[in-house]
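Asks:
Residue numbers (this note's numbering): 683 to 1010.
1. Could you round the C-beta distance between residue 953 and residue 979 to whole angstroms and report it? I think they count as a contact, below 8 Å.
2. With distance defined between alpha-carbon atoms, name the residue in 865, 800 and 875 nearest to residue 973.
3. Residue 737 by DSSP, collapsed to three states: which one?
4. Are the CB atoms of residue 857 and residue 830 within a distance shorter than 8 Å?
5. According to the Cβ coordinates, are residue 944 and residue 915 closer than 8 Å?
6. Which of the three DSSP states, helix, strand or coil, is assigned to residue 850?
7. Mind reading off the beta-carbon distance from residue 864 to residue 871? Whole number of angstroms is fine, and I expect it under 8 Å.
8. Within the continuous beta strand (DSSP E) that includes residue 882, where are the two ends?
9. At the level of alpha carbons, what is the spacing between residue 793 and residue 911?
10. At a cut of 8 Å, does the stretch 758–778 reach the stretch 815–825 through at least three beta carbon pairs?
11. Pull up the distance between the alpha-carbon of residue 722 and that of residue 748, whole angstroms please.
12. Nearest to residue 844 by CA position, among 959, 796, 908 and 875, is which residue?
13. Sort 1008, 985 and 739 by Cα distance to residue 946 and report the nearest one.
14. Kindly indicate which residue of 691, 938, 963 and 984 has the alpha-carbon position closest to the one of residue 846.
15. Does the separation of the CB atoms of residue 702 and residue 776 fall below 8 Å?
16. Less than 8 Å separating the beta-carbons of residue 950 and residue 961?
17. When you compare only the Cα positions, how much space is there between residue 711 and residue 718?
18. Buried or exposed: which applies to residue 695, given that a residue is buried once 16 or more other Cβ atoms fall within 10 Å of its Cβ?
19. Helix or strand or just coil, what does DSSP make of residue 836?
20. Out of 708, 1006, 891 and 994, point me to the one whose CA is closest to residue 918's CA.
21. Take residue 740 and list the residues in its own chain whose beta-carbon comes closer than 6 Å to its own, dropping the five residues that flank it on each side.
22. Could you tell me the distance, in whole angstroms, from the CA atom of residue 1026 to the CA atom of residue 898?
23. Tell me the residue span of the alpha helix (DSSP H) that contains residue 702.
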């Protein structure tokens, strides 16, 4: 490691907090496709003018916005990803990460006590209406592109019924539905998540509500009351221990039709637990936000599936490197 990389690690929170603040205050939304002066930004968003100019300059230095003379505009990246109505918005991810700022600050205590006090999941997602919405929006936005990608990885022509477990707005199920005979999908999630999911869908594409049947409940205790050709479990197991994963896989097998299959999608690490680097970092995120979560190794995931009774596994990888498994 050289000194430049060390300094980037040392001061990494500077950059993230600048991004968090600009997104939270609506600076990218206000700039939109226009060029604005610091005064215009400050007046419109009710900010201090001096502070606004300093932050705009920092955003320019990060490459998120552009400056000409004394006026600023969004970069092409910001217009696409940091404006709420952009082509591929990531605002939910930004605000959700901002909401986790406090739990990350609790890392020294977690290292001593072995469990977090302020983690998002530890508080059972009851961290305030805005933070819950941000989490749901992040899950929704993240599922749009990846859901479409996963729908192309496997043959889903056998699927007439779909259950998306912990599916929020059902992005994965809806993408697969477009390539399967199924005409509706069921989405199982906690009541508070269903509430936020409906809020998001009403704001973006109200017609989709007719394609989704929401089932409210905890996937460890609820019985959906029917069986499915496809049960989807995406980006869930990193919040669970190995024992909890085996228990959940076993439950989900019981929800499958005779020809049904389980679709599992999640980030995994290699057997060392250190690569890819973002997986090792995400494990720390689970450490400070859940009681038993971590990024599991690929080998551990396969062993857990087999322990639960799964015998046939077809393995693929997404473009981002996540593991996608179709299991029976």
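A virtual CB, placed ideally from N, CA and C, is assigned to each residue, including glycine.
Replies: Quick answer:
1. Between the beta-carbon of residue 953 and that of residue 979 there is about 5 Å, and that keeps the pair under the 8 Å contact cut.
2. Nearest C-alpha to residue 973: 800.
3. Three-state result, residue 737: helix.
4. Yes, they are a contact pair.
5. In this structure, residue 944 places its C-beta atom within 8 Å of the C-beta atom of residue 915.
6. For residue 850, the secondary structure class from DSSP, reduced to helix, strand or coil, is coil.
7. Residue 871 and residue 864 do not touch by the CB rule: their CB atoms are close to 19 Å apart, not below 8 Å.
8. Judged by DSSP secondary structure, residue 882 falls outside any beta strand (DSSP E) and instead within the alpha helix (DSSP H) spanning 873–886.
9. Answer to the nearest angstrom: the Cα atoms are 43 Å apart.
10. At 8 Å Cβ cutoff, the stretches touch.
11. Pairing residue 722 with residue 748, the inter-Cα distance amounts to about 16 Å.
12. The residue with the shortest Cα to Cα distance from residue 844 is 908.
13. Scanning 1008, 985 and 739 for the CA closest to the CA of residue 946 turns up 1008.
14. Per the C-alpha coordinates, the member of 691, 938, 963 and 984 positioned closest to residue 846 is 938.
15. Contact annotation: residue 702 and residue 776 have beta-carbon atoms nearer than 8 Å.
16. At a Cβ-Cβ threshold of 8 Å, residue 950 and residue 961 count as neighbours.
17. Looking at the two C-alpha atoms, the distance is approximately 12 Å.
18. It is exposed - the Cβ of residue 695 has fewer than 16 other Cβ atoms within 10 Å.
19. Looking at residue 836 - three-state DSSP - the assignment turns out to be coil, as it is neither helix nor strand.
20. From the listed residues 708, 1006, 891 and 994, the smallest Cα separation to residue 918 is found for 1006.
21. Only 700 meet the Cβ criterion.
22. Coverage of the chain is limited to positions 683 through 1010, which leaves residue 1026 absent and any answer about it impossible.
23. Segment 694–707, the alpha helix (DSSP H) holding residue 702.
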